[in-house]
Amino acid sequence: MDMDSYFRALRGKRTAVLGVGISNLPLAQKLLEYGAVVTLHDRKEVLKGKALELSRQAFAVCLGAGYLDEIDADVIFRSPGIRPDEAGILRAVAGGAVLTSEMEAFFEVCPCPITAVTGSDGKTTTTTLIALMLERQGKRVHLGGNIGMPLLCKAGNMSPDDEAVVELSSFQLMTMSVPAHRAVITNLAPNHLDKHRSMEEYVDSKMNIFRGQGPDDLLVLNADNRITAPMAAQAGGRVRMFSRAAPVEEGCYLDRDSVMFSSGGNAREIFKRKDILLRGDHNTENYMAAAACLMGQVEPETMAEVARTFKGVAHRMELIRTLNGVEFYNDSIASSPTRTAAGLSCFGDNVVLIAGGYDKKIPFDPLGPDICAHVKQLFLYGPTASAIAGAVERAPGSEKPKIVMCGNFDEAVLEAAHGALSGQCVLMSPACASFDSFKNFEERGERFRQLVNGL
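Here my numbering = 1-based position in the sequence shown + 332.
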């Protein structure tokens with residue numbers, strides 16, 4: 333089914349759009365254009381801007397705390413931030429409503445191959461690398477999903493020779509029933525346990541990215557991750573692995589300074605590790621994941637060119653400036669302890685770390701030793717400050733960083749900048765989500781940039 337047929341089939345149907353945000357605004361507009369009977373549901377008490385404009389064209393609008401209590405629809409489009417087992421949704425589905433989402437509908441109508449990337453860390457960088465490599469190979473690429481661009485309403489302008497590359501969160505995958513043609517799981521570790529009912533549910537949702545794959549489809553897994561490696565046994569198609577620790581039979585691995593690709597008993601060098609412009613072992617893994625995914629579609633020379641020239645995505649180990657011999661890095665994407673640990677591994681033992689924020693109910697004890705190994709001064713803020721401090725104090729060994737408890741994010745940044753010495757780096761890598769003080773990690777990163785550039 334193409335996009336036009338999909339929306340024409342909804343003409344006159346009762347459709348409920350749950351969550352009037354980035355992905356669902358163009359969806360609601362398209363539903364209205366095709367003559368669907370649209371009801372908008374949103375937790376906000378008041379709609380503004382484009383959402384307000386659309387609400388004037390909608391059949392009905394349900395806002396505020398009880399926005400999911402009464403859902404009267406033939407088809408429900410769920411925003412990723414809304415759990416599919418909310419009581420109102422379950423009642424509507426029991427009454428015959430079909431539950432879907434903008435991304436699930438895109439998978440149904442997309443005319444070209446879809447490469448999808450998920451994981452706990454490294455999703456956006458790996459997704460971006462795959463898109464860049466395909467573009468450098470001459471493909472027309474449509475990049476979107478959790479990376480910020482909704483794609484369903486653009487599917488009508490795509491051709492079978494194009495490539496769609498999407499980043500998918502666990503929330504987008506919870507009810508996904510159509511697999512990607514090429515699926516990548518970068519790694520898995522405890523994350524979003526404030527929203528998921530258990531670690532098992534979190535992992536299970538991630539696995540929907542490849543459930544139902546056919547023999548010609550591809551799954552790329554991290555061989556060094558204890559959660560992802562066993563998933564190979566459940567794959568329905570081809571499997572490639574990537575590893576920094578040891579050679580793999582099919583996929584990419586690191587052999588001293590060389591990134592190798594192995595298949596059918598033969599191995600060849602793709603590029604040198606030193607060619608990768610981005611710092612850190614985790615970025616080497618991101619490149620190996622992308623290369624394992626695209627070998628056969630993209631020439632190794634093209635992959636090497638991307639490695640030598642790609643400077644990274646904003647808010648991911650982004651060097652903001654150097655002032656009085658101090659480097660300031662924005663790693664606002666680091667909303668989990670594992671991501672912060674990966675960032676710390678890029679540096680020696682002279683880091684000034686800014687951490688803290690919204691509590692996702694993730695344990696910080698595994699991060700304690702990494703902080704002790706790399707950090708001289710630790711500036712903490714927000715609801716998780718005491719929990720992170722406790723993890724550091726409980727870490728084995730006698731060498732502990734100086735810990736400074738701060739009242740808010742701005743104070744932590746300014747105090748860290750004031751306390752840093754020439755030769756040190758100030759790393760804002762919070763290990764927590766941003767929702768205590770900011771709308772998202774991008775806003776947190778931009779505030780850091782503003783404060784640092786104002787020093």
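In this text, a Cβ means the ideal position worked out from N, Cα and C, and glycines have one as well.
Handout entry: Cutoff 9 Å: LEU464 Cβ touching any chain B Cβ
Key = Protein chain content of the structure displayed is limited to a single chain, and chain B is not contained in it.
Exercise for the section: Go through its chain and collect everything with a Cβ distance to VAL393's Cβ below 6 Å, but skip five positions before and after it. Expected result: Taking the sequence shown and counting its residues from 1, the one referred to as residue 393 is at position 61. Answer for VAL393: LEU372 and SER387, listed in chain order.
Practice task
Please determine, among LEU753, SER664, ASP691 and PHE542, the residue with the shortest C-alpha to C-alpha distance to ASN523.
Solution key: On the sequence shown, position 191 is the one that residue 523 refers to. The candidate whose alpha carbon is nearest that of ASN523 is ASP691.
Practice task
Starting from ILE703, follow the alpha helix (DSSP H) in both directions and report where the run begins and ends.
Solution key: In the sequence shown, the residue the question calls residue 703 occupies position 371. From DSSP, the alpha helix (DSSP H) with ILE703 extends over 700–706.
Exercise for the section: Could you name each continuous beta strand (DSSP E) segment of 3 residues or more that falls completely within the segment 473–535, going from the start of the chain to the end? Expected result: 473–477, 495–499 and 514–517
Problem - Sheet register partners of PHE741 (DSSP bridge) - result: As a first step, residue 741 must be located in the sequence shown, where it is residue number 409. Looking at the DSSP assignment, PHE741 forms no beta bridge with any residue, so it has no partner.
Handout entry: Buried or exposed (CB count within 10 angstroms, at least 16 for buried), ASN598
Key = Within the sequence shown, residue 598 is the residue found at index 266, counting from 1. Counting Cβ neighbours within 10 Å, ASN598 comes out exposed, since fewer than 16 surround it.
Problem - Straight-line gap, LYS643 to LEU746 (C-alpha atoms, nearest Å) - result: Position 311 of the sequence shown, counting from 1, holds the residue named residue 643. Position 414 of the sequence shown, counting from 1, holds the residue named residue 746. Using only the alpha carbons, I get a separation of about 27 Å.
Problem - As assigned by DSSP and simplified to three states, the class of SER590 - result: Residue numbering aside, residue 590 sits at position 258 when the sequence shown is read from its first letter. The answer is strand: DSSP assigns SER590 an E or B state.
Problem - Nonlocal neighbours in the same chain, by C-beta distance under 8 Å from GLY544, ignoring five residues either side - result: As a working note, residue 544 is residue 212 in the sequence shown. Cβ neighbours of GLY544 beyond the five flanking positions: SER509, VAL510, PRO511 and GLY568.
Exercise for the section: Helix, strand or coil for LEU787, going by three-state DSSP, please let me know. Expected result: The residue given as residue 787 occupies position 455 in the sequence shown. Reduced to three states, the DSSP call for LEU787 is coil.
Problem - Bridge partner(s) assigned by DSSP for TYR661 - result: Within the sequence shown, numbered from 1, the residue matching residue 661 stands at position 329. Bridge partners of TYR661: LEU651 and LEU759.
Exercise for the section: Classify THR458 as helix, strand or coil using the three-state DSSP reduction. Expected result: Locating residue 458 in the sequence shown gives position 126, where the first residue counts as 1. If DSSP states are grouped into helix, strand and coil, THR458 belongs with the helices.
Practice task
State the Cα-Cα distance for the pair LEU475 and GLN782, rounded to the nearest angstrom.
Solution key: Your numbering for residue 475 matches position 143 in the sequence shown. Your numbering for residue 782 matches position 450 in the sequence shown. One C-alpha to the other measures close to 28 Å.
Handout entry: Identity of the residues DSSP links to ARG570 by a beta bridge
Key = Taking the first residue of the sequence shown as position 1, residue 570 is located at position 238. LEU550.
Handout entry: Given ARG648 as reference, the closest of PHE660, ARG640, THR654 and ASP742 once Cα atoms are compared
Key = Along the sequence shown, read from residue 1 onward, the residue named residue 648 stands at position 316. With distances taken between Cα atoms, ARG648 lies closest to PHE660.
Problem - ALA578 to GLY381 span [Cα, whole Å] - result: Within the sequence shown, the letter at position 246 stands for residue 578. Within the sequence shown, the letter at position 49 stands for residue 381. Roughly 53 Å between the two C-alpha positions.
Practice task
Pull up the distance between the alpha-carbon of VAL658 and that of ALA752, whole angstroms please.
Solution key: On the sequence shown, position 326 is the one that residue 658 refers to. On the sequence shown, position 420 is the one that residue 752 refers to. Between VAL658 and ALA752, the C-alpha separation is close to 7 Å.
Exercise for the section: Apply the 10 Å Cβ neighbour rule to ASP663 and answer buried if 16 or more other Cβ atoms are within range, or exposed otherwise. Expected result: By one-based count along the sequence shown, residue 663 stands at place 331. ASP663 is buried by the Cβ-count criterion.
Exercise for the section: Would you mind reading off the limits of the alpha helix (DSSP H) that contains CYS394? Expected result: Here the question's residue 394 lines up with position 62 in the sequence shown. Run containing CYS394: none in the alpha helix (DSSP H); it sits in the beta strand (DSSP E), 392–395.
Exercise for the section: From the DSSP output, in three-state form, read off GLN389 for me. Expected result: One-based indexing of the sequence shown puts residue 389 at position 57. Reduced to three states, the DSSP call for GLN389 is coil.
Exercise for the section: State the DSSP-derived secondary structure class of PHE770, mapped to helix, strand or coil. Expected result: Walking along the sequence shown from the start, residue 770 turns up at place 438. In the structure shown, PHE770 sits in coil (DSSP, three-state: anything other than H, G, I, E or B).
Handout entry: Close beta carbons around ARG340, own chain, < 8 Å, minus the five adjacent residues each side
Key = Numbered from 1 along the sequence shown, position 8 holds the residue referred to as residue 340. The residues are TYR366.
Handout entry: Bridge partners - MET627, DSSP secondary structure assignment
Key = As a first step, residue 627 is located in the sequence shown; it is residue number 295 there, counting from the start. Bridge partners of MET627: VAL630.
Problem - C-beta atoms of VAL352 and VAL449 nearer than 9 Å - result: Within the sequence shown, numbered from 1, the residue matching residue 352 stands at position 20. Within the sequence shown, numbered from 1, the residue matching residue 449 stands at position 117. No, they are not a contact pair.
Exercise for the section: Measure the C-alpha to C-alpha separation of ILE608 and ASP404 and round it to an integer number of angstroms. Expected result: Sequence index remark: in the sequence shown, residue 608 carries index 276 (1-based). Sequence index remark: in the sequence shown, residue 404 carries index 72 (1-based). Near 52 Å, if we compare the C-alpha coordinates of ASP404 and ILE608.
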